[in-house]
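Notes follow once the structure below has been shown.
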Amino acid sequence: MNPYEANPARIPPNDRYLDVPLYGRYLPASDDFRPDPKHTNSVSEGSLEYWASVLGLCNPSNRIYEGLEGARDVFALGGVIIKSSHLHSRLQGRRASRDFSYADANEVKATALAKTVLKDVKVPIIYFASKVNGRDVLVQERIPGVGLNVAWQYLPAAQKQLFKVEARDILRQLSEVKPPSSSITRCYIVEDADPQAHRGIQELEYDIIFGPDNRDPDLSFMHNDFTLSNCIVNNDKIVGLVDWEMAGYFGWKTTGQVHVKIRTPRRESFATLNLPEDTLSDVLFWNDFLAAFDGENKDGIDYDVAFWACGIVTDNSWASGWLATKQGLEYQRVNKSEDGILRQREYYYFTGDHPASYRYPVIPSFDHWRFPHGNLPDLWKNATIPRPPPFSAVSNNRDAVVFRDVSCRISGHSRATEVAHLVPVADGHWLTYNRMNRYCCDEPVNDQANMVLLRKDLHHLFDQRRFAFIPRSNPDEQSPAFLMHVFTSPQSTELVELYHNRLVQPVVGISKELVFARFAQAVFDLGNYRFLKGMARFACLLFDVNTGKSSVRDLTSNQVRDFANVFTSFTQSRSNSPRKRERRSDSVADEGDYYQDVTSELDDDPPRGRRRKRSFDCVQHGSPPGLEDSFASTKSPSISSLLTSPDRDLLALQDGSKLTKPYPCAVDGGERCIYEDNRPSKMTKLK
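In case it helps, the UniProt record's numbering puts the sequence shown at residues 1 to 687.
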């Protein structure tokens with residue numbers, strides 16, 4: 001079915017909203033009710049009589065939402081939406097209807113303000129906002145189209161993602177509006193001394209917005225109720241945005257917290273339903289559209305992350321590559337700004353100064369990616385990871401990692417920890433064919449330089465490629481510090497709040513080259529790498545294990561999937577030939593014996609009688625970064641003290657590499673950017 005079908009007569013029998021045909025769908029007709037212009041926003045005696053007669057046309061047959069006690073019903077009457085409690089006449093006082101005058105006044109002023117900013121998105125006209133027979137009534141324009149929540153059941157995943165991108169762009173436009181100079185604290189457009197009474201908000205929402213713990217200086221204009229049902233869509237575009245009664249000068253971060261904790265469902269609410277993961281992911285898909293942005297106002301994409309991601313998938317082209325924006329038919333090169341944030345909606349990546357006909361090749365999967373020895377991005381080259389002090393009381397690499405790290409290198413917790421691999425055991429053949437032993441030992445997959453101690457739950461998420469470690473420069477430090485980069489997804493909202501841009505605990509003894517390889521692996525994960533889609537043909541750079549060389553081959557998107565895997569899983573059998581290509585699961589293979597709880601063995605009984613807390617942990621590592629220093633901005637990150645030591649060693653290595661970010665900055669835009677009318681183009685779109 002057409003997701004944007006607005007004719008109630010054409011709704012299929014299995015439609016979720018069949019029993020409320022007027023809800024979320026509006027196709028204008030010539031005989032639709034339309035208000036008399038002479039009574040628009042008039043409270044004269046004659047106008048009040050007119051609006052009372054309009055309420056007489058509102059009954060259960062055209063009611064699309066029945067308000068609970070104290071709330072208002074919502075009616076769809078031709079070309080208008082009406083909010084009123086007149087059908088609850090038997091109830092009196094607040095049981096009948098609370099005071100909506102503040103909310104309605106806020107809607108009037110917020111819509112007027114939004115119209116000055118949003119040029120391509122319709123904001124409803126307010127025809128009336130006052131009392132009729134002692135009850136607050138709001139009459140507003142009904143925008144043609146379909147509610148996004150109604151269209152959702154018929155939309156493909158790719159279009160849902162595009163709507164999320166468009167919603168972010170709308171909020172970016174609104175955030176350009178700042179409060180009047182007289183406003184120095186968060187407030188609604190029409191200030192309200194008692195929003196819990198007048199708007200019915202929960203205590204939690206009040207605390208998020210107005211609580212003393214919220215010191216966020218951002219007071220930009222936000223809609224603050226950007227749910228699916230408030231978005232009107234048509235022809236793959238958001239054409240309208242309604243319900244502005246909650247709008248105010250709240251800022252991006254605060255609004256994002258309200259969105260996650262109040263406006264949208266949370267994963268734990270479905271814990272007992274045993275829903276399939278695909279179903280649950282779809283239910284939670286809209287939760288994170290305000291999350292995982294970089295910049296002080298959470299309003300952009302980190303320049304380095306986007307640049308590295310593009311470079312990785314175009315055969316490590318960062319030395320010659322550059323980012324650009326499009327203005328008309330021209331492309332304008334974009335240099336890294338002072339705060340390092342990309343804030344526009346679309347960016348294009350050029351692999352170099354090639355002619356427009358050049359068909360640059362792309363890497364289809366991690367198996368085909370060749371590690372850039374001696375050619376890491378500059379920030380990775382400058383990053384150093386110190387070696388640990390020598391110790392000899394540990395019998396194997398796994399115990400050595402536990403002894404070295406002591407606690408989870410993300411959370412700092414010492415219990416319920418496991419040894420995690422930077423490059424998973426399943427990709428051991430990739431490590432061999434890329435000669436990664438130059439950074440560790442002859443079998444790099446199980447070398448200490450490829451292992452780090454993580455808490456159990458974080459180890460699981462790490463293996464799902466939900467986050468990676470990246471370096472971040474700091475003018476006060478010679479070497480960049482490593483922090484967490486969360487790849488956004490419908491399941492990652494809490495991860496973003498807890499860990500995105502948070503400094504990791506001090507790390508020693510691991511290879512930054514293997515950290516970079518793990519970042520690249522996350523970029524190529526199917527959840528993030530949605531570039532090779534559609535019906536076009538792509539020039540793909542494929543690695544041949546027999547010759548040890550790569551060559552370009554034209555492939556369709558279906559063929560890309562067939563050629564994605566080059567190596568067998570390293571864990572299947574040490575005797576398996578890596579040349580025998582088999583289809584592998586997209587998820588990381590089980591790491592076998594290394595997937596275990598080390599705390600039962602070492603928590604209370606350190607090996608060889610050693611103390612679990614060693615002096616070099618306390619003195620040289622410094623204190624773990626506190627939460628107040630965790631959410632580092634790209635402009636001035638907080639840096640915890642790190643060990644310093646010479647660059648050269650098997651464990652403290654030269655060269656570096658960098659990571660990329662998924663949903664907000666996933667390499668996307670596939671076939672339209674690579675080929676247009678069978679003519680190759682040289683730019684890669686970022687969305």
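Beta carbons: idealized from backbone N, C-alpha and C, even for Gly.
Let me know the beta strand (DSSP E) ranges lying completely inside the stretch 530–559, each 3 residues or longer, listed in chain order.
537–544, 549–556
Please classify Q448: is it buried, with 16 or more other beta-carbons within 10 angstroms of its beta-carbon, or exposed?
buried
Using the beta-carbon count (16 or more within 10 Å), is G509 buried or exposed?
buried
Can you give me the Cβ contacts of L174 inside the same chain, cut-off strictly under 8 angstroms, excluding the 5 residues immediately before and after it?
Non-local C-beta neighbours of L174 in its own chain, meaning closer than 8 angstroms and more than five positions away in sequence, comprise A114, V117, L118, S220, F221, M222, H223, ordered along the chain.
Only counting runs of 3 or more residues, tell me where the beta strand (DSSP E) segments fall wholly within the stretch 448–521, in order along the chain.
451–455, 467–472, 481–486
Meets three-Cβ-pair contact criterion under 8 angstroms: the stretch 266–275 and the stretch 330–337:
no
Where I189 and E45 are concerned, what is the direct C-alpha to C-alpha distance, given to the nearest angstrom?
Taking the straight line from one Cα to the other gives about 29 angstroms.
T272 (DSSP reduced to helix, strand or coil)
The answer is coil: DSSP assigns T272 none of H, G, I, E or B.
Measuring only the C-alpha atoms, how far is A309 from A520?
Approximately 8 angstroms between the Cα atoms of the pair.
Given this structure, state the Cα-to-Cα distance separating F350 from F226, to the nearest angstrom.
35 angstroms
Which residue wins for smallest C-alpha separation from G145, given the options F75, W152, V239?
V239
Leaving aside the five residues before and after Y439 along the sequence, list all residues of the same chain whose C-beta is less than 7 angstroms from its C-beta, in chain order.
If we look at Y439 and ignore the five residues flanking it on each side, its Cβ neighbours are A449, S511, E513, L514, L653.
Can at least three beta-carbon pairs, one atom from the stretch 538–547 and one from the stretch 454–469, be found at a separation below 8 angstroms?
No: fewer than three Cβ pairs fall under 8 angstroms.
Considering only the alpha carbon of each residue, which of P424, P364, N7, V139 lies closest to R561?
P364
From R16 to Q153, what does the alpha carbon distance come to, in whole angstroms?
8 angstroms
If we ignore side chains and look at the alpha-carbon of each, how far apart do V411 and L503 end up?
It should be pointed out that residue 411 corresponds to Ser in this sequence rather than to Val. One C-alpha to the other measures close to 10 angstroms.
Can you round the beta-carbon distance between A522 and F487 to whole angstroms, since I take them to be within the 8 angstroms contact cut?
6 angstroms
Note down the Cα distance separating K253 from L290, rounded to an integer number of angstroms.
C-alpha separation (whole angstroms): 8 angstroms.
Quick check on C310: does DSSP put it in helix, strand or coil?
helix
Taking the alpha-carbon positions, what's the T556 to A356 distance?
21 angstroms
Cα-Cα separation, K83 to F75
Near 6 angstroms, if we compare the C-alpha coordinates of F75 and K83.
Kindly indicate the opening and closing residues of the beta strand (DSSP E) around D136.
135–141
Taking C-beta to C-beta, are V452 and R409 nearer than 7 angstroms?
yes
To the nearest whole angstrom, what separates the beta carbons of C58 and G147, a pair I think is in contact under 8 angstroms?
No, C58 and G147 are not in contact; Cβ-Cβ is about 20 angstroms, not under 8 angstroms.
Between L532, E418, I125, H368, which has its C-alpha nearest D463's C-alpha?
For D463, the nearest C-alpha among the options comes from E418.
Roughly how many angstroms lie between the CA atoms of D218 and R263, to the nearest whole one?
20 angstroms
Provide the residue span of the alpha helix (DSSP H) that contains H198, from first to last.
195–199
Run the CB neighbour count on R435, radius 10 Å, all protein chains shown included, and call it buried at 16 or more, exposed below.
That one is exposed.
Can you find at least 3 beta carbon pairs, one from the stretch 199–212 and one from the stretch 132–143, that sit closer than 8 angstroms?
no
Reduced DSSP secondary structure (H/G/I, E/B, other) of E418
Strand.
What is the DSSP secondary structure of Q344, reduced to helix, strand or coil?
coil
Give the secondary structure of N2 by DSSP, where H, G and I count as helix, E and B as strand, and everything else as coil.
coil
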